[in-house]
Amino acid sequence: MATVAAPRRFCSCACFYTDNLYVARYGLHVRFRSEQQLRRDYGPILRSRGCVSAKDFQQLLAEDAALAPEFLAVAEYSVSPGADLKGLLQRLETVSEEKRIYRVPVFTAPFCQALLEELEHFEQSDMPKGRPNTMNNYGVLLHELGLDEPLMTPLRERFLQPVMALLYPDCGGGQLDSHRAFVVKYAPGQDLELGCHYDNAELTLNVALGKVFTGGALYFGGLFQAPAVLTEPLEVEHVVGQGVLHRGGQLHGARPLGTGERWNLVVWLRASAVRNRLCPMCRCEPDLVDDEGFSDGFTREEPTTVDVCALT
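For the sequence shown, this note's numbering gives the first residue as 10, with consecutive numbering after it.
Right, dumping it as structure tokens:
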């Protein structure tokens with residue numbers, strides 16, 4: 010009896026989106042891990058091709074890199090021998106030590122601008138579009154734009170996971186195995202604000218992409234607390250290219266937009282080892298329903314032992 014081979018799933022290598030960059034101006038492929046590494050490995054040949062001044066070099070970095078040098082340095086430290094939380098916190102901005110909220114540059118400004126252009130083209134197209142989530146009416150799911158596998162999966166696996174493993178080991182930070190990535194849009198006549206909520210995620214990355222706007226600040230309360238008792242929330246202003254890291258269970262929302270348009274990339278990071286034991290939304294043992302793709306990040310496999318975030 011003949012057997013039929015299962016269809017192969019073809020993939021890309023993350024290097025094509027992170028450290029294998031083509032610098033068109035100088036006609037050169039480079040591997041970019043950090044500014045120091047780029048200068049060391051490619052300084053002579055870049056100078057021979059016209060990249061001579063400090064301004065030339067900084068312009069090269071700004072135009073051709075997607076990930077901010079600060080973010081690459083944070084990720085590189087996180088996988089280095091002897092890396093620990095104390096050392097990592099020296100490389101991040103601590104927004105709130107009590108709430109364990111942090112901020113770090115993630116994308117370069119040119120990349121944010123290029124992504125916004127692609128998002129607007131997609132928004133104006135006739136291609137089918139789904140809502141980013143149950144709370145936002147306007148925005149884009151990254152997988153609909155074709156950027157989930159080539160961009161978001163490498164970002165989670167190679168860069169975010171080692172960072173989150175040090176920041177949030179008790180929330181599955183070192184066991185992230187799926188995500189939901191989407192861009193939310195706030196504009197006059199569309200969504201203007203977002204009420205108190207917590208995310209369907211163990212951990213969240215929220216990156217400001219632009220454009221020019223006033224208002225719309227993020228605000229944070231406690232962990233899994235009722236919205237009615239939200240007092241003196243912590244407010245965080247958006248900075249283009251910078252990402253805010255927080256626990257998915259951290260109560261948060263967005264203040265009303267004043268003027269302009271605000272676009273943010275939100276990545277819900279999930280660890281099945283955590284959520285297989287306790288659904289973050291109903292706070293009960295999950296009643297699993299089969300679905301496609303990453304779905305909501307649950308699996309039927311037995312999870313490894315991991316501590317669930319304390320509900321305090």
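Positions of the beta carbon are idealized from the N, C-alpha and C atoms, including for glycine.
Item	Value
Straight-line Cα distance separating LEU254 from PRO178	14 Å
Opposing strand residues paired with PHE222 [DSSP bridges]	GLY269
8 Å Cβ cutoff met for ASN145 and LEU203	yes
Extent of the continuous beta strand (DSSP E) to which HIS130 belongs	First-last for HIS130: 118-133, but that is the alpha helix (DSSP H), not the beta strand (DSSP E).
DSSP bridge partner residues for PHE2 (one or two, in chain order)	It is not possible to answer for residue 2, since the shown part of the chain is limited to 10 through 321.
Cβ-based burial, VAL298 [other Cβ within 10 Å; buried from 16]	exposed
PHE80: first and last residue of the uninterrupted beta strand (DSSP E) it sits in	Segment 78-87 is the alpha helix (DSSP H) holding PHE80; no beta strand (DSSP E) there.
Nearest-angstrom Cα separation, counted from GLY262 out to TYR26	For TYR26, the predicted structure reports a pLDDT of 49, less than 50, and the residue's modelled location is therefore unreliable. The matter cannot be settled from this model.
Alpha-carbon spacing of ASN142 relative to TYR86, whole angstroms	33 Å
Counterpart residues of GLY59 in DSSP-defined beta bridges	Partner(s): none; GLY59 has no beta bridge.
Environment of THR321 [buried if 16+ CB atoms lie within 10 Å]	Since pLDDT at THR321 reaches only 39, below the 50 mark, its modelled position is unreliable, and no value is offered.
In DSSP terms, what SER105 is bridged to	ILE110
First and last residue of the uninterrupted alpha helix (DSSP H) at ALA282	281-284
Run of the alpha helix (DSSP H) containing ALA174, from where it starts to where it stops	170-176
Limits of the unbroken beta strand (DSSP E) element including LEU150	148-150
Rounded straight-line distance, which links the Cα of LEU69 to that of PRO171	27 Å
Exposure label - GLU294; buried when at least 16 CB within 10 Å	exposed
Extent of the continuous beta strand (DSSP E) to which GLY96 belongs	Counting along the chain, GLY96 falls outside any beta strand (DSSP E), though it belongs to the alpha helix (DSSP H) covering 94-98.
Simplified DSSP assignment, three categories, for LEU37	strand
Proximal residues to VAL88 (C-beta, below 7 Å), its chain only, five neighbours per side dropped	PRO171
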